[in-house]
Structures are given as structure tokens and as C-alpha cells.
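Q: Count the sequence shown with my numbering and you get residues 1 to 268, in order. Note that beta-carbon positions come from the ideal geometry of N, C-alpha and C, so glycine has one too. This one's a predicted model, so the numbers in the text were calculated from it and none came from an experiment. Provided herewith is a single structure, encoded as C-alpha cells, for subsequent inquiry.
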Amino acid sequence: MISKRIFFLLFVLAMTLSLSARSIEDVVPGLTSERIDELKDGQILNGKSFQEDVRRLVPVGSIAMEHLAAALDKPESFTVVSLTFIPYPDYMYSMTEEERQVTIFNTMRSISTQEGITYISHRAGNKPKILIEKSWYLETPKSRSSMADPVSTSVPPTAEYIVYQKDSSFGSNIYRYRYSTSLTEIFVNVVNLETMRVFGIFKAVDTEQLAIAMSTTQVDEGLLLVAMATIEGRDPEVKVLGISVDLPSSFTRRTTALGEWFVNQLKR
């Protein structure tokens, strides 16, 4: 009788572990095996909503997918999406799922470490150029005194912060960072609270018309990192002083730079 009970408990445990297994194929079933191989080889998969169905790049049933669906429904807007696979760093393998979430959450919020990150600039001859010159937390949208990066011992369902950043493309701006979390996902939506201007003069994006989002999802092999940017009320191309500014390309390079920043911080 005892042996049968032990066998039954082991069977239930095995079934539970099997059901909780989450492979890349399970989480992003819209990807072909070739594209998944590209992910595992370290390639970033990019997509633009006016060229293809970018939903296949986002984990099904995720907060990120809900955000993307709402963005795609907005008239006169477009969204760029990138998907990256990050194998767990060695120190994370011994962590529980919950412990990994805390580490990821704190890493995503280390905003001050974004200072000095670079992106590939077409105008600079496809060479690296500093993207973010200054980056810190604010107590309110009107304040300018910097606050230290927050550090937590647990992950709340939601959290909200105000951030000041100065970058080489759009100058100084204030952003709202709003986090939503689940057991395996941490999602942050970043919205501009001020008008964004090219060269600090010409309006490129109105207040709250840009949403840059980042999402991490834990899978068996590592993390899936989704980065996306949605721009409302603008055509993909803007002309300033005879210079064409390709907004999808610009923000794809921007989200790529943020993704690389996150990967580098996570490995430290």
C-alpha cells in the first residue's frame, strides 16, 4: 500500500513538472523552427507592424501580447518589435523562479546604468554613438533632483516611476515607467510625458504618443526579452531640414540598444 502511494505521489509530481515546463516553442508557437534556431544562436528577431504580423514575436497569453494587441488597434500608428533569447547566467541556475524574478525586476529598474549606452547611428556612418547621456529617477514629473535606483526583495503586481533621460536623438525628456508582473513575466511600459523633438527643435512625437515597452518571460532555457515601440499620429518617415528620419529604424535601434543594456546588466 505504501509503495503504491509513493508511486502515485511521484507520478503526480512528474506530471506537475511536465505541465510547468515552458520551452521557447511553447511560449512563441508562431515561430518556425528555423527562427527559433536563429534566436538560440543569439540573433535578434525584428518586425514592423506595417510589413508583417508582429504578434508571432511575442509570447502568447502574456502581458506584452495584451499590450501589443491594444497598440495594433490604434489608428494611424505603427509598432516595431524585437525578440531576443538570453540563456540564464550561471548564477541564476540555482535560483528559484521567484528569486530570478526579483533579480530581473531589480535589473530592469537600474535606470542609472543606462547612461553611456550606445546605438548604431546611420548619420555617424553606421558607427556606435552614445544614445543616453543622462538617466535617473525623479520624485515627481516637475522635480529635477535625482533619486537612487530602487532595489526590492520581492516583486509587486504593479509599480510606477518617473524617470528623466537625456539622449542624443531627442534631448531631455520625462517618462513614466509602469510595471506589471506575473509569476514568469515582468513587463514595463514607458510613455513620454513631454513632446519629443528632433535636434531639440522639430516635433517628432507628441506627449504620450510614444510607448516603449520591454518584457521578460522565463522559459526553461532562459529568458525571452521582447522590446517594442509604438508611435501614434505619425507616418513612419519624418523629414526635417531635408533630412529623412526613418522612425521605425530609429526606434528599432533604440530598443536594440536597451535590450543589449539589459543583457549586459544581467550578466554582471
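With three or more beta-carbon pairs closer than 8 Å as the criterion, would you say the segment 149 to 163 touches the segment 175 to 186?
A: yes
Q: Name the residue from Trp136, Tyr137 and Gln114 whose alpha carbon lies nearest to the alpha carbon of Ile130.
A: Gln114
Q: What residues are listed by DSSP as bridge partners for Trp136?
A: Tyr164
Q: Go ahead and pull the three-state DSSP assignment for Met228.
A: Correct three-state label for Met228: strand.
Q: Less than 8 Å between the C-beta atoms of Leu72 and Val58, yes or no?
A: no
Q: In terms of residues, what are the limits of the beta strand (DSSP E) holding Phe105?
A: Segment Glu97 to Met108 is the alpha helix (DSSP H) holding Phe105; no beta strand (DSSP E) there.
Q: What is the residue span of the beta strand (DSSP E) that Val81 lies within?
A: Ser77 to Pro87
Q: Taking C-alpha atoms, which residue in Val102, Val263, Ile24 and Val80 lies nearest to Leu210?
A: Val80
Q: So who's on the other strand from Phe170, going by DSSP bridges?
A: Phe170 pairs with nothing; no bridge assigned.
Q: Which residue from Gly61, Glu208 and Glu99 puts its Cα closest to that of Thr153?
A: Taking each of Gly61, Glu208 and Glu99 in turn and checking the Cα distance to Thr153, the smallest one comes out for Glu99.
Q: Quick one: what's got a C-beta closer than 7 Å to Ser110's C-beta in the same chain, skipping five residues either side?
A: For Ser110, where only same-chain residues beyond five positions count, the Cβ hits under 7 Å are Asp149 and Gln265.
Q: Among Leu39, Val60 and Lys48, whose alpha-carbon lies nearest the alpha-carbon of Arg22?
A: Val60
Q: Looking only at its chain, what residues have a beta carbon closer than 7 Å to the beta carbon of Gln165, apart from the 5 residues adjacent to it on each side?
A: Non-local beta-carbon contacts of Gln165 in its own chain, meaning distances under 7 Å to residues more than five positions away in sequence, involve Ile132, Lys134, Ser135, Asn173 and Tyr175 in chain order.
Q: Around the C-beta of Thr230, are 16 or more other C-beta atoms found within 10 angstroms, so that it is buried, or is it exposed?
A: buried
Q: Under a Cβ-count criterion, where at least 16 other Cβ atoms within 10 Å of its own Cβ denotes burial, should Phe187 be classed as buried or exposed?
A: buried
Q: I need the straight-line Cα distance from Lys127 to Ser249, nearest angstrom please.
A: 15 Å
Q: Short of 8 Å in beta carbon distance, which residues of its chain neighbour Glu208, apart from the five on each side in sequence? Order them along the chain.
A: Val191, Asn192 and Leu193
Q: Is it the case that the Cβ atoms of Thr107 and Phe262 are separated by a distance below 8 Å?
A: yes
Q: In terms of residue numbering, what span does the alpha helix (DSSP H) encompassing Ile63 cover?
A: Ile63 to Leu72
Q: Pick helix, strand or coil for Leu17, following the three-state DSSP scheme.
A: The predicted model places Leu17 with a pLDDT of 34, which falls under 50 and marks its position as unreliable; any figure quoted below should be read in that light. Residue state, collapsed to three classes: helix.
Q: Compute the Euclidean distance between the alpha carbons of Gly222 and Phe85, then round it to the nearest angstrom.
A: Across the structure, Gly222 and Phe85 are spaced so that their CA atoms are roughly 7 Å apart.
Q: Is it the case that the Cβ atoms of Ala257 and Ile117 are separated by a distance below 8 Å?
A: Closer than 8 Å, so yes.
Q: Taking 8 Å as the cut-off, decide whether the C-beta atoms of Thr217 and Ser82 are in contact.
A: no
Q: Looking at the unbroken alpha helix (DSSP H) that takes in Glu38, where does it start and where does it end?
A: Ser33 to Lys40
Q: Assign Thr96 to one of two classes, buried (16 or more other C-beta atoms within 10 Å of its C-beta) or exposed (fewer than that).
A: exposed
Q: Could you give the distance in angstroms between the alpha-carbon of Pro87 and the alpha-carbon of Asp167?
A: The C-alpha of Pro87 lies about 30 Å from the C-alpha of Asp167.
Q: Verify whether the separation of the beta carbon atoms of Phe170 and Ala213 is less than 8 Å.
A: no
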